[in-house]
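The sequence shown begins at 1 in UniProt numbering and counts up one residue at a time. Glycine included, every Cβ here is placed at the ideal spot set by N, Cα and C. Remember, it's a predicted structure, so these values are computed and weren't measured experimentally. Data block below; observations after.
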Amino acid sequence: MRSHTGERPYECSLCSKTFPQKSNLERHIRTHSSERPFKCSECTKSFQQKSYLTEHMRTHTDDRTFLCSQCGKFFKHNYELEKHIRTHTGERPFKCTHCPKAYAQSKHLTVHIRTHSKETEESYKCPHCSKLFTFPESLRVHIRMHTDDLPFKCSDCSRSFLHKSKLDAHIRIHTGDRPHKCPHCSKSFQQNSHLQGHIRTHTGELPFKCSFCSKSFRYKNKSYTKHILTHTSDDKMHTDERPYKCSDCSMSFLRKSKLVAHIRTHLGDRPYQCSQCSKSFKQKYHLQRHSRTHTGELPFKCSYCSKSFKHKNKSYTKHILTHTNNDLCVIPEPYEFLPFKDEPEPL
1 MRSHTGERPY
11 ECSLCSKTFP
21 QKSNLERHIR
31 THSSERPFKC
41 SECTKSFQQK
51 SYLTEHMRTH
61 TDDRTFLCSQ
71 CGKFFKHNYE
81 LEKHIRTHTG
91 ERPFKCTHCP
101 KAYAQSKHLT
111 VHIRTHSKET
121 EESYKCPHCS
131 KLFTFPESLR
141 VHIRMHTDDL
151 PFKCSDCSRS
161 FLHKSKLDAH
171 IRIHTGDRPH
181 KCPHCSKSFQ
191 QNSHLQGHIR
201 THTGELPFKC
211 SFCSKSFRYK
221 NKSYTKHILT
231 HTSDDKMHTD
241 ERPYKCSDCS
251 MSFLRKSKLV
261 AHIRTHLGDR
271 PYQCSQCSKS
281 FKQKYHLQRH
291 SRTHTGELPF
301 KCSYCSKSFK
311 HKNKSYTKHI
321 LTHTNNDLCV
331 IPEPYEFLPF
341 KDEPEPL
């Protein structure tokens, strides 16, 4: 009857919360203490509530009772199934109250909301490039881009990845698994992004709009890029125009080759492999630099004496300065070292 009357006679002496039943109060009191009466018979873990123990026991029994009707996968927990189903439907139920953005997972919304708050002022800064992050874990993942730490390794080939999600997507190449099924036809895809692009062939959606005219496109591909360039100057070198935009961050590039190289920092893709050892690299010139450690090649020769260097770096620059009083403007490899001029050259 108390559920109808709203009566809550059981009060917590520690925080004054009230409850309709004594068992509710007893369960609540454990949140104030370290008491964990429900012990797992298979390991040393214990829990405050019986329902938590029941959930935990599935990790020992491999009880996967929650079935996805779209692809036949089983899950141990209902919340895992609900999260998985969104990869098929594209549903984004977690909506930002400050802007139109929405997310498939609540943790992604939490991260996004902090971009609207003052918490971003207390962000975590990357020591290599000064980029700011709202969480220390995000910073730790980002730093791997600078240190070449790729912890997620494929057991079927030599590829490694920055993120587990990228490894999971890559493994499907080996297994042939295509879990993302089209609700309109019999086609299925290895990645959700490929499914979303395919669905537009059924819906007619054209989400990529030209900012110069009324034309829209189904995909952000060569046709889209080529059309954008019809509105812009051919001489992009003398403008701020950077038509090749990264879809994962705000960076844009003058040339497509630079965008392709940049995208590898998100994917963890390292296509340039050393033939002498197991190391691989994101960019070709990084491989060329590394190869000199095997060959002993010293391609950078001093024009004043017989000394040679493996890399065009600070040691090379410092040595050149022993021969000349001219200051040097150092531009990182693979470009050249140019002398300072009183007046800048015209663009």
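ask   = Ends of the alpha helix (DSSP H) at K314?
value = Your numbering for residue 314 matches position 314 in the sequence shown. For K314, the enclosing alpha helix (DSSP H) begins and ends at K314 to L321.
query = So, are the CB atoms of H198 and C182 less than 7 Å apart?
reply = In the sequence shown, residue 198 corresponds to position 198, counting from 1. In the sequence shown, residue 182 corresponds to position 182, counting from 1. With contacts defined as CB atoms closer than 7 Å, H198 and C182 qualify as a contacting pair.
ask   = Using DSSP with H/G/I as helix, E/B as strand and the rest coil, what is T54?
value = Taking the first residue of the sequence shown as 1, we reach residue 54 at position 54. DSSP places T54 within a helical segment (H, G or I) once states are collapsed to three.
ask   = How big is the Cα-Cα spacing for H98 and T110?
value = The count along the sequence shown starts at 1 and reaches residue 98 at position 98. The count along the sequence shown starts at 1 and reaches residue 110 at position 110. Roughly 12 Å between the two C-alpha positions.
task = Might you give, ordered along the chain, the residues of its own chain that have their beta carbon closer than 7 Å to the beta carbon of R292, omitting 5 neighbours on each side?
result = For the purposes of this step, residue 292 is taken as the residue at position 292 of the sequence shown. Within the same chain, Cβ atoms closer than 7 Å to the Cβ of R292 are found at K310, the five residues on either side in sequence being excluded.
task = Could you please give me the residues that DSSP links to K209 through a beta bridge?
result = Here residue 209 corresponds to residue number 209 of the sequence shown, with the count starting at 1. DSSP output for K209 lists S216 as bridge partner(s).
request  = Starting from the C-beta of D235, find all residues in its chain whose C-beta is less than 6 Å away, skip the five residues before and the five after it, and write them out in chain order.
outcome  = Mapped onto the sequence shown, residue 235 falls at position 235. For D235, the pLDDT reaches just 46, beneath the cut-off of 50, and the residue's location in the model is therefore unreliable, leaving the point undetermined.
ask   = What first and last residue would you give for the alpha helix (DSSP H) that runs through N192?
value = For the purposes of this step, residue 192 is taken as residue 192 along the sequence shown, with counting starting at 1. N192 to T203 is the extent of the alpha helix (DSSP H) around N192.
ask   = Is it right to say I228 is buried, meaning 16 or more other beta carbons lie within 10 angstroms of its own, or is it exposed?
value = Residue mapping note: residue 228 aligns to position 228 of the sequence shown, counting from 1. Classification of I228: buried, given that the 10 Å Cβ count is 16 or more.
task = Under the assumption that C71 contacts L81 (Cβ atoms under 8 Å), give the Cβ distance between them as a whole number of angstroms.
result = Locating residue 71 in the sequence shown gives position 71, counting from the first residue. Locating residue 81 in the sequence shown gives position 81, counting from the first residue. Between L81 and C71 the Cβ distance is about 11 Å, and since that is not below 8 Å, they are no contact.
inquiry  = So, with DSSP's three-state summary, where would you put T44?
reply    = Numbered from 1 along the sequence shown, position 44 holds the residue referred to as residue 44. The answer is coil: DSSP assigns T44 none of H, G, I, E or B.
Buried or exposed by the 16-neighbour rule on C-beta atoms within 10 Å, applied to R270 = Reading the sequence shown from its first residue, position 270 is the one you call residue 270. Buried.
ask   = Can you give the Cα-Cα distance for C302 and T322, rounded to whole angstroms?
value = Taking the sequence shown and counting its residues from 1, the one referred to as residue 302 is at position 302. Taking the sequence shown and counting its residues from 1, the one referred to as residue 322 is at position 322. Take the alpha-carbon of C302 and the one of T322: they are about 11 Å apart.
query = Taking the continuous alpha helix (DSSP H) assigned at K166, which residues delimit it?
reply = Here the question's residue 166 lines up with position 166 in the sequence shown. Per DSSP, K166 belongs to the alpha helix (DSSP H) from K164 to T175.
Selection from H77, K73 and Q283 that minimises the alpha carbon distance to T54 = Counting from one through the sequence shown, the residue named residue 54 turns up at place 54. Of the residues H77, K73 and Q283, the one whose Cα lies closest to the Cα of T54 is H77.
key: Span of the alpha helix (DSSP H), counted from its first residue to its last, around N221   = Here residue 221 is taken as the residue at index 221 of the sequence shown, counted from 1. That residue, N221, is in no alpha helix (DSSP H); it is neither H nor E in DSSP.
query = Around the Cβ of F281, are there at least 16 other Cβ atoms within 10 angstroms (buried) or fewer (exposed)?
reply = Here residue 281 refers to the residue found at position 281 of the sequence shown. That one is buried.
inquiry  = Quick check on DSSP: helix, strand or coil for H142?
reply    = Taking the sequence shown and counting its residues from 1, the one referred to as residue 142 is at position 142. In this structure, H142 counts as helix in the three-state DSSP scheme.
query = In or out: L298 buried (at least 16 other Cβ within 10 Å) or exposed?
reply = In the sequence shown, the residue the question calls residue 298 occupies position 298. Under this definition L298 is an exposed residue.
Local Cβ density within 10 Å of T265, reported as buried at 16 or more and exposed below that = Numbered from its first residue, the sequence shown carries residue 265 at position 265. Taking all protein chains in view, the Cβ of T265 is crowded by 16 or more other Cβ atoms within 10 Å, so the residue is classified as buried.
task = Please go through the same chain and pick out, in chain order, the residues whose beta-carbon is closer than 7 Å to the beta-carbon of M237, but skip the five residues on each side of it.
result = Your numbering for residue 237 matches position 237 in the sequence shown. Bear in mind that a pLDDT of 40 at M237, under 50, signals an unreliable position, so the number given afterwards is only what the model happens to contain. Correct list: empty, nothing qualifies.
request  = Measuring alpha carbon to alpha carbon, tell me which of Y219, C213 and K83 ends up nearest P207.
outcome  = Taking the first residue of the sequence shown as position 1, residue 207 is located at position 207. In terms of CA proximity to P207, Y219 leads the group Y219, C213 and K83.
key: Limits of the alpha helix (DSSP H) - the one that L25 falls within   = Counted from its first residue, the sequence shown places residue 25 at position 25. Taken as a continuous stretch (DSSP letters only), the alpha helix (DSSP H) holding L25 covers K22 to I29.
task = Report the three-state DSSP secondary structure of F19 (helix, strand or coil).
result = Reading the sequence shown from its first residue, position 19 is the one you call residue 19. Assigned with DSSP and collapsed to three states, F19 falls in strand.
request  = Just tell me which of K83, H88, H112 and T87 has its CA closest to the CA of C96.
outcome  = Here residue 96 corresponds to residue number 96 of the sequence shown, with the count starting at 1. From the listed residues K83, H88, H112 and T87, the smallest Cα separation to C96 is found for H112.
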